[in-house]
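Student:
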Amino acid sequence: MNFKIPIGPQHPALKEPISLRMTVEGEVITDVDMRLGYNHRGLEKLAEDRNWIQNIYLTERICGICSHSHATCYVQGVEKLMELAPPRRGLYIRYLVSELERIHSHLLWLGVAGHEAGFDSFFMYTWRDREVVMDLLEMISGNRVHYAINTIGGVRRDLDAGQIAKIREGIVTLRKRSEYYFYIGANEPSFVARIAGVGFLSKENAVALCAVGPVARASGVARDVRKDDPWAVYDEIDFEVATADSCDVLGRVVVRVKELLESYKICEQLLKSLPAGDIAVKAPRKAKPGEVVSRYEAPRGENIHYIKANGTDKPERLKVRAPTLANYPATVEMLRKGFIADIPLIFAAIDPCICCAERTVTLIAAGSGEESVVRMSDLRRRAIARHQNAPVKRNAVWPL
Amino acid sequence: MAALRTLLYLVIYPGLLFLFVYSTFCEWFDRKVYARLQNRMGPTHTGRFGLLQPIADFVKLLAKEDVVPEAADKRLFTILPIIGLAVVSTAGLLLPVWNFDLAAPGLTSFSGDIIVVLYLLSLPTLILFLAAWSSANPFSTIGGARVLTMLFGYEVPLFLAVLGPAILADSWRLAEIAAFYQAKPLLLLTNLLGFIVAVIAVQAKLERTPFDIPHAETEIVGGTFTEYSGKKLALFRLTFDIEMVVSSGLLAAVFLGGFPGGAVIGFLHFVVKTLFVIFLLSLLRALTSRIRIDQVVSFAWKFLAPLAVLQLLVTILLKGLLS
Amino acid sequence: MKIAVFLPELLRHLFKKPATVDYPFKKLEVPKDFRGTPYLNPEMCIVCRACERDCPAEAIEISSVNEAEKRFTMIIHNDRCIHCAQCIDSCPTTPKAMLMDSLFEIADDDRHKMKKDWIYVRAVLKPKAAAPTSVPQAAEPKA
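Chains as they are written, first to last, in the working numbering: chain A, 1 to 400; chain H, 1001 to 1323; chain Z, 2001 to 2143.
1) Hey, proline 440 of chain A and glycine 311 of chain A: beta-carbon distance below 9 Å or not?
2) My output table needs one value for leucine 2099 of chain Z: the three-state DSSP class, helix, strand or coil.
3) Got a sec: is the Cβ-Cβ distance from arginine 61 of chain A to anything in chain H below 9 Å?
4) Just to confirm the assignment: which complete alpha helix (DSSP H) runs, minimum length 4, are found wholly within the stretch 244 to 284 of chain A?
5) What in chain Z is Cβ-close to tyrosine 264 of chain A, meaning under 7 Å?
6) Quick one: does leucine 2014 of chain Z have its CB under 9 Å from some CB of chain H?
7) Identify which residue in A:Leu14, A:Tyr38 and A:Tyr74 has its Cα closest to the Cα of alanine 47 of chain A.
8) Flag this pair as yes or no: are the beta carbons of leucine 1281 of chain H and glutamine 1182 of chain H separated by less than 9 Å?
9) Relative to the alpha-carbon of lysine 80 of chain A, which residue among A:Ala242, A:Phe182, A:Tyr306 and A:Ala298 has its alpha-carbon at the smallest distance?
10) Suppose the cutoff is 7 Å on Cβ atoms and the five residues either side in sequence are ignored; what does the same chain contact list for glutamate 116 of chain A look like?
11) Among the residues of its own chain, which have a CB less than 6 Å from the CB of arginine 102 of chain A, if the five just before and after it don't count?
12) Does any C-beta atom of chain Z lie closer than 9 Å to the C-beta of leucine 1033 of chain H?
13) Determine, for aspartate 135 of chain A, whether the minimum Cβ-Cβ distance to residues of chain H falls below 9 Å.
14) How would you list, in chain order, the residues of chain H whose beta-carbon sits under 9 Å from the beta-carbon of arginine 194 of chain A?
15) Around the Cβ of proline 2024 of chain Z, are there at least 16 other Cβ atoms within 10 angstroms (buried) or fewer (exposed)?
16) Kindly indicate if chain A contains any beta-carbon less than 9 Å away from that of threonine 1209 of chain H.
17) Along chain A, in chain order, which residues have C-beta atoms closer than 7 Å to that of isoleucine 1265 of chain H?
18) What are the residues of the stretch 2070 to 2090 of chain Z that lie near chain A, defined by any Cβ-Cβ distance shorter than 8 Å?
19) Classify isoleucine 340 of chain A: buried if its beta carbon has 16 or more other beta carbons within 10 angstroms, exposed otherwise.
20) CB-CB under 6 Å to methionine 334 of chain A, same chain, minus the five flanking residues each way: which ones, in chain order?
21) So, helix, strand or coil for phenylalanine 2104 of chain Z, using DSSP?
22) Helix, strand or coil for glutamate 83 of chain A per DSSP?
23) Quick one: does glycine 8 of chain A have its CB under 9 Å from some CB of chain Z?
24) Can you tell me whether glycine 77 of chain A is buried or exposed? The criterion is at least 16 other CB atoms within 10 Å of its CB, across all chains shown.
25) Lysine 1184 of chain H: buried (16+ other C-beta within 10 angstroms of its C-beta) or exposed?
26) Can you check whether the C-beta of leucine 2028 of chain Z is within less than 9 Å of a C-beta belonging to chain H?
27) Along the alpha helix (DSSP H) that carries methionine 334 of chain A, what are the first and last residues, could you check?
28) At what residues does the beta strand (DSSP E) containing arginine 194 of chain A begin and finish?
29) Spell out whether any CB of chain Z is found under 9 Å from the CB atom of glutamate 48 of chain A.
30) For leucine 1037 of chain H, go through chain Z and note every residue whose CB falls closer than 7 Å to its CB, in chain order.
31) Can you name the start and end residues of the alpha helix (DSSP H) that proline 1124 of chain H belongs to?
32) Specify, as a first and last residue, the run of the beta strand (DSSP E) that asparagine 2066 of chain Z falls within.
33) Is the stretch 30 to 39 of chain A touching the stretch 62 to 74 of chain A, taking contact as three or more C-beta pairs under 8 Å?
34) Name the DSSP bridge partner or partners of glycine 219 of chain A?
35) Identify, in the order they occur along the chain, each residue of the same chain with its Cβ nearer than 7 Å to the Cβ of leucine 1017 of chain H, setting aside the five sequence neighbours on each side.
36) Quick check on glycine 251 of chain A: buried or exposed, where buried means 16 or more other Cβ atoms within 10 Å of its Cβ?
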């Protein structure tokens, strides 16, 4: 029997609405039709009406789990536009919260993977230990989600000695628990039977389909923005990029747990060498005209923000390219030839943050200046037609 | 007079009302143990220690709107939960708790009743498949196909494992099997392998983790139960609860030495032994993750069936030695 | 391939206290500097309107500023507030006029009940003013 099963937009396996219409034969998937847009909120348009400070909070609310990633990526870009140099202490605190967010996101993901596989005890235990990190973040920033610790020019709150001691204690506990989860995740026979060999993405496909984050690193592609393009504190910190070679969901679990252990190392180094000084510089209200592209390694992969300023106190254009959007074509490839029973695991293994990925593309005709919104399928057709006959570009320089 | 007594037996004890109350108590016990294993609290606040929570869930479901999809076969869709409930309640009547007296057996204890119990317990699987088929929904169809595929896996090991002690006791009557092991309790240890196989197979029959693939919530929404709501869903869930009580009662009767000691002491034995089996089932549920349907069948035929056959060989050799 | 690796950990938890807190019968303490609901300290406010300008959710509304009698009305829309505390960071006075408390159980059925009105007399903080003209009368919030 060859029929289509709709996964979504409403489905218990998905935390957010997305439509995946799978064509199946028996239990094997032959094709996937992915439709986005159910969670579109018009954030890029809203950003044009708010000033630079209000936009910090708007970009933070693009996502709940990776809220700090979006806010930091935006603030990095605006600081470049305004030519500000935040003080060292502010930068250290900002990236300490980044690593704490990475820890919380990976522990959350481990629980979600366990739940999708039916391993509810693992889910309950990882989320119980995630409470340690949430309490630390609440102590540092005043809120468990949406930390809002960034301001243009630095951070808003300082750390005192008592808080630093508590963070160190928390990291010791978490490190012990993470090593235990590594042991369980790799050794519990029913769990390994579900995740080994599932969702295969070869190294060539990972590069060709532009996968980012742990999805690419589990296929052996050692791509991490913190190492490829180090900025702020990352060239002073010693850490390794976690990769795995098995190209399946087990590899992605291994990569994320290894990243957890690396994050603990990074946090400890940041706390040890925390410099004294101010935490922020005063930012002007208006930014000089210009445009900037800001990259950041979110827990899910590479996050890119493009900001264009025109001299007023509001941005002219903000464009967000979230990592999950880059992983969608790789997901379609992974789902082919899989079983229906593996759909939730494969989809959860890319750590989907669907609300991050819902953006539109507006085409502006250069001559007349008129705008139109185009469907993805039309864009794809136009791109394929255009590049079919174009020669291969070598050593191309990206004009920006 | 006899008709009135039979009616009381059927409706109150050991019939519907007793099974309803006891199965909700067992569901509470299962949920509480599962929660404590996961470092959580489980049901609290509804009644003392949350004891009334499963009854509250049942009452809530009864009050919800009952939707029958237009493309579904209405008569089959409606009657199947009632048939399921009837089947497992009848199986409950055959347990050797309330017909323990070998000299004066009631109507429900006869030679061959172990086979009748096993047969009545495999009917709910077919009823689930028919419920899935009559729902006319792609998720239900997949769920129904998986239910039958799993049946091919666990049914044979379960039968082999349960019939092993019966062969040693030389009888097909539950009360006699229980009496045999009460006279010679040491022989219970020879059936340990069969007990393990039977516990795993019963977990598959009840469709709990690691074998809950037919109604896996994160994959196919609800499997067989996708289209059921309101009263019909309440009756289906009650059917599963009573099936859990009856299966653990069967395992306790065959592997744990039955329920000796008359009406009151026998009833206490029944409660303690079924709660022990349910504790093992909850432990198994918290311990593992869900495995895929092809892995269930290959696991059943590669491990469970050979172990059950091994247990049978041991039993036959022992019987030869003893006689 | 090990069987039941998880079992010792599971059985150990049978005897431990549960990690869940029995909310709402028991509550957890919030840390210091927790971002709850904003409120105004009327004596320090100089009506610079920085909080109104920087609020991302347009939750602060300052109206009917009366220069002669030095009175103004501020409405804090707690149903729109996103608890980001930017108003406190933008407030230029020392000590700050806009403050944050730790209330977070402010849910209500009617959004209009969540707005808070304050009628103040404005404070003047410039040091060359001989006597401060702040008379903090009618400073109770009209809820």
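Glycine included, every Cβ here is placed at the ideal spot set by N, Cα and C.
Tutor: Reading it off the structure:
1) Residue 440 of chain A lies beyond the residue range present for chain A, which begins at 1 and ends at 400; the question has no answer from this structure.
2) For leucine 2099 of chain Z, the three-state secondary structure derived from DSSP is strand.
3) With 9 Å as the cut-off, arginine 61 of chain A does not count as an interface residue toward chain H.
4) Whole alpha helix (DSSP H) segments, 4+ residues: 249 to 272.
5) Within chain Z, not a single residue places a beta-carbon under 7 Å from that of tyrosine 264 of chain A; the smallest gap is close to 21 Å.
6) The beta carbon of leucine 2014 of chain Z falls within 9 Å of a beta carbon belonging to chain H, placing the residue at that interface.
7) Considering only alpha carbons, the answer is A:Tyr74.
8) Glutamine 1182 of chain H sits away from leucine 1281 of chain H, with the two beta carbons spaced by 9 Å or more.
9) Nearest of A:Ala242, A:Phe182, A:Tyr306 and A:Ala298 to lysine 80 of chain A, Cα basis: A:Tyr306.
10) Cβ neighbours of glutamate 116 of chain A beyond the five flanking positions: Ala13, Pro344, Leu345 and Ala348.
11) Counting only Cβ-Cβ distances below 6 Å, and skipping sequence neighbours, we find Ser263 and Pro299.
12) Looking at the sequence provided, one finds valine at residue 1033 of chain H rather than leucine. Interface residue, yes.
13) By this cut-off, aspartate 135 of chain A is not an interface position.
14) For arginine 194 of chain A, the chain H residues whose C-beta falls within less than 9 Å of its own C-beta are Ser1289, Arg1290, Ile1291, Arg1292 and Gln1295, listed in chain order.
15) The residue is exposed, with fewer than 16 neighbouring Cβ atoms inside 10 Å.
16) Against chain A, the CB of threonine 1209 of chain H has a partner CB under 9 Å away; the residue lies at that interface.
17) Within chain A, no C-beta atom comes nearer than 7 Å to that of isoleucine 1265 of chain H; the closest sits roughly 36 Å away.
18) Those would be Ile2082, His2083, Cys2084, Ala2085, Gln2086, Asp2089 and Ser2090, in chain order.
19) Its Cβ being crowded by 16 or more others within 10 Å, isoleucine 340 of chain A is buried.
20) Excluding sequence neighbours, methionine 334 of chain A sits near Gly199, Leu201 and Ile346.
21) In this structure, phenylalanine 2104 of chain Z counts as coil in the three-state DSSP scheme.
22) Correct three-state label for glutamate 83 of chain A: coil.
23) Glycine 8 of chain A does not count as touching chain Z.
24) Label assigned to glycine 77 of chain A: buried.
25) Lysine 1184 of chain H is classed as exposed because its beta carbon has fewer than 16 other beta carbons within 10 Å across all chains shown.
26) No, its Cβ sits nowhere closer than 9 Å to a Cβ of chain H.
27) Going by DSSP, methionine 334 of chain A is part of the alpha helix (DSSP H) stretching over 323 to 335.
28) Taken as a continuous stretch (DSSP letters only), arginine 194 of chain A belongs to no beta strand (DSSP E), being part of the alpha helix (DSSP H) at 189 to 195.
29) Interface criterion not met: the Cβ of glutamate 48 of chain A is under 9 Å from no Cβ in chain Z.
30) In chain order: Leu2010, His2013 and Leu2014.
31) For proline 1124 of chain H, the enclosing alpha helix (DSSP H) begins and ends at 1113 to 1133.
32) Residues 2060 to 2066.
33) As far as the Cβ criterion goes, the stretch 30 to 39 of chain A does not touch the stretch 62 to 74 of chain A, which means the pair count is below three.
34) It should be pointed out that residue 219 of chain A corresponds to serine in this sequence rather than to glycine. For serine 219 of chain A, which the question treats as bridged, DSSP gives no partner whatsoever.
35) Here the set comprises Val1011.
36) That one is buried.
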